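The opening residue of the sequence shown carries number 622 in the numbering used here; numbering runs sequentially from there.
Using N, Cα and C, we set each Cβ at its ideal position, and we do this for glycine too.
All values derive from a computational prediction rather than experimental measurement.
Structure first, commentary second.
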Amino acid sequence: MTITNNTGGGQPVSMENLKSTKKLCEKYNKMLLLDACRFAENAWFVSQREEDYKGVEIRDITKEAFRLADGCTISLKKDGFGNIGGILAFNDDQLAEASRNLLILP
Numbered sequence: 622m623t624i625t626n627n628t629g630g631g632q633p634v635s636m637e638n639l640k641s642t643k644k645l646c647e648k649y650n651k652m653l654l655l656d657a658c659r660f661a662e663n664a665w666f667v668s669q670r671e672e673d674y675k676g677v678e679i680r681d682i683t684k685e686a687f688r689l690a691d692g693c694t695i696s697l698k699k700d701g702f703g704n705i706g707g708i709l710a711f712n713d714d715q716l717a718e719a720s721r722n723l724l725i726l727p
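In structure tokens:
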């Protein structure tokens with residue numbers, strides 16, 4: 622799931638949509654992976670637009686969103702983090718290790 626989706630006009634993903642998607646993934650035994658390039662922006666929008674999250678710190682919204690996910694990708698080229706590279710993260714140690722073994726550059 623892409624959070625703050627450019628294809629959708631830069632609109633955020635609500636926390637309710639994230640929670641509903643997680644339940645659906647669990648029902649069908651599928652992983653929920655986030656394209657989290659703009660996770661902080663998404664959390665800011667959530668704090669501005671969702672009543673239950675008004676006044677909630679951006680970091681706390683972000684933590685809740687990532688707790689729902691089984692993993693994520695983040696391009697470091699977005700929002701000025703860097704000119705190359707990215708992050709692939711999983712909350713499953715075996716899957717993370719298997720992924721590391723496929724790296725071109727360790």
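With a CB to CB cut of under 7 angstroms and the five nearest residues on each side skipped, what residues in its chain are close to Cys646?
Met652 and Leu653
Find the nearest neighbour of Asn627 within the set Lys643, Asp656, Lys648 and Ser641, judged by alpha-carbon distance.
Asp656
Just to confirm, are Ile679 and Ala664 a CB contact at a threshold of 7 angstroms?
yes
Please specify which runs of the beta strand (DSSP E), each continuous and at least 3 residues long, are wholly inside the stretch 678-709, giving them in chain order.
692-696
Considering Val714, what are the terminal residues of the alpha helix (DSSP H) in which it resides?
Checking the sequence, you will find Asp at residue 714 rather than Val. First-last of the alpha helix (DSSP H) with Asp714: Asp714 to Arg721.
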